[in-house]
Amino acid sequence: MSSSYPHLSLHVAGQWLSAASGGERPVINPADECVLATLPLAGPAELAAAAESARRGFERWRRVRPHDRYVILRRAAELLRQRADEIATVLTLEQGKPQAEAKREVVLSADIIDFQAEEAKRLYGRAVAPRVDGILSHTVTRVPVGPVAAFTPWNFPVNLPSRKLGSALAAGCSVVLKPAEETPGSAMLLVRCFLDAGVPPDAINMVCGDPAEVSSFLIERPEIAKVSVTGSVAVGKLLGEQAARHVKRFTGELGGHAPVIVAEDMCEGAGLDFVLKQSVTAKYRNAGQVCASPIRFYVPRAQLAVFSERFSAAARKLQLGSGLDAATQMGPLSHARRIDDMERFVDDAVGQGARLLTGGHRVQRSGFFFEPTVFAEAPASTRLMQQEPFGPIAVIQPYDTLDAAIEQANALPYGLGAYAFTRDLHTAHRLGEGIEAGMVGINHFGVSQPELPFGGIRESGIGHEQGPEGITHYTEIKTITVGQPF
Ligand SMILES: NC(=O)C1=CN([C@@H]2O[C@H](COP(=O)(O)OP(=O)(O)OC[C@H]3O[C@@H](n4cnc5c(N)ncnc54)[C@H](O)[C@@H]3O)[C@@H](O)[C@H]2O)C=CC1
Ligand SMILES: O=Cc1ccc(S(=O)(=O)O)cc1
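Start counting the sequence shown at 594; every next residue gets the next number (this note's numbering).
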């Protein structure tokens, strides 16, 4: 147990619960496999209480004026900033990423909440002129959708709940949050910031448990009006189907398989240095466990050898270690399942003839460490070219023409993040328009910003988070039309 890691509780009906009817499970430090704490798990009794609480919390919170919601949420963001060091340490302990990355995540989360808080004041409606006599007014407004069941994964345990809590609360919704069981500590500290800032205790519930049981239970509850999930395509489809069965609103931020097209004009000199530095940093950030992480790098065939060699050399140099060590550039994967999955991706790619340039193995030490791995020329039939590895594996592919590269980039049934590098404005437009994805970054990887909508097309998801669009997914449109009484 670590003294920097908190005692874990669930938050149900305004109470912090250190024990619950679903039993308990350990939370593991992925850097050394030691137990950090014991997490209580909700059973049906706590889940029902959480849903009922969210109903009560909604009735109260929806009546808080938008300006007052804004003040409370800005305060929550400020508390998050004040507590950033403490929360970042907890995040690193339970998730593994380097502490500086964890701190950036916490501070960025505060900015996300701030932006959505501001949007609470801008949920504008409109007045429409009646077309017939006897009608006084038509008013179209946006109202909060109701209590939200929010499911978030372990790769960004503060950022992803902040996106959902920030937008839902700004809109006037209450929330039952189920953070990942692997990373509940930092989510719990985030929830505390909202409560300490003045969000009514009934309006935020936090439960952990068996993920499938919790989601099935909550989605069926009549109190829950909307389901919001960040996770795999498979889990998104499952929860989306359950939500659709009850005609409940649904937002899904699901997986991707981000391509990176490097144009010929960026393949030498300072251009190539720039692309490689940005690409290796982005690829191995959070050990590749990012839904918009670059995966497939497309380079001109004549440049394949040089690009692959330099990319692999930079990947080999990355310093692996505990996220608490300031020298660490890449931490462990977040849990043991990821290591097994990496090995399956590697075995399948090697078995199908992809060229393994570096890495490919679990690091022989305690903790869930996997070598930064680079493949080249992987057949389209490999699992690596079809499913997101969600880990530190990159694949470098040759292309013959820019149109062929765009075609390959668009070949998968996903479309979340996509990237391209060029110094030519005309090519930048051609790539920006030709690549099919929710977010296309040209000459940089920073597509996720609090001010911009974050979301995917095709199987990568439904709806957006962040930006002015974020809050709208937690509202319904309501029209009130008033006629003369006689
Ligand atoms: N889009 C994203 O940010 C994320 C995507 N993923 C994807 O998921 C794949 C597998 O991840 P793993 O953690 O190994 O496996 P997993 O699929 O068991 O779990 C992924 C996340 O979904 C949650 N989950 C699983 N089943 C659920 C259910 N029925 N209801 C509600 N929540 C559920 C888990 O608690 C966990 O947080 C990754 O390879 C990656 O492709 C995972 C985490 C985040
Ligand atoms: O996994 C999705 C995800 C989470 C966070 C970010 S960012 O930190 O805002 O860049 C990007 C993708």
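Even glycine gets a Cβ: it sits at the ideal position worked out from N, Cα and C.
Residue i: CB within 7 Å of a non-hydrogen atom of ligand 2
| i | result |
| --- | --- |
| residue 753 | yes |
| residue 1041 | yes |
| residue 698 | yes |
| residue 708 | no |
Any non-hydrogen atom of ligand 1 closer than 7 Å to residue i Cβ
| i | result |
| --- | --- |
| residue 934 | yes |
| residue 808 | yes |
| residue 884 | yes |
| residue 620 | no |
| residue 983 | yes |
| residue 561 | Residue 561 lies beyond the residue range present for the chain, which begins at 594 and ends at 1079; the question has no answer from this structure. |
| residue 834 | no |
| residue 823 | yes |
Pairwise C-alpha distance: residue j and residue i
| i | j | result |
| --- | --- | --- |
| residue 611 | residue 890 | 47 Å |
| residue 743 | residue 725 | 44 Å |
| residue 624 | residue 1073 | 56 Å |
| residue 964 | residue 796 | 43 Å |
| residue 1032 | residue 999 | 15 Å |
| residue 790 | residue 648 | 20 Å |
| residue 892 | residue 980 | 20 Å |
| residue 885 | residue 903 | 23 Å |
| residue 785 | residue 1076 | 47 Å |
| residue 876 | residue 1035 | 16 Å |
| residue 616 | residue 639 | 12 Å |
| residue 914 | residue 739 | 44 Å |
| residue 643 | residue 953 | 44 Å |
| residue 1021 | residue 613 | 54 Å |
| residue 863 | residue 1016 | 11 Å |
| residue 966 | residue 720 | 57 Å |
| residue 764 | residue 1061 | 11 Å |
| residue 1007 | residue 847 | 9 Å |
| residue 760 | residue 923 | 31 Å |
| residue 736 | residue 941 | 50 Å |
| residue 651 | residue 635 | 21 Å |
Exposed unless 16 or more other CB atoms sit within 10 angstroms - verdict on residue i
| i | result |
| --- | --- |
| residue 841 | buried |
| residue 666 | buried |
| residue 596 | exposed |
| residue 817 | buried |
| residue 973 | exposed |
| residue 871 | buried |
| residue 1070 | exposed |
| residue 814 | buried |
| residue 1079 | exposed |
| residue 827 | exposed |
| residue 707 | buried |
| residue 861 | exposed |
| residue 637 | exposed |
Coarse secondary structure for residue i, derived from DSSP in three states
| i | result |
| --- | --- |
| residue 711 | helix |
| residue 1022 | helix |
| residue 826 | helix |
| residue 881 | helix |
| residue 798 | strand |
| residue 1078 | coil |
| residue 814 | coil |
| residue 847 | coil |
- prompt: Is the region 1057-1069 touching the region 703-718 in the sense that three or more CB pairs, one from each, lie closer than 8 Å?
  reply: yes
field: Meets three-Cβ-pair contact criterion under 8 Å: the region 745-761 and the region 683-691
entry: yes
query: On the three-pair Cβ rule with 8 Å, is the region 991-998 touching the region 656-664?
result: no
message: With three or more C-beta pairs closer than 8 Å as the rule, is the region 916-934 touching the region 696-704?
response: no
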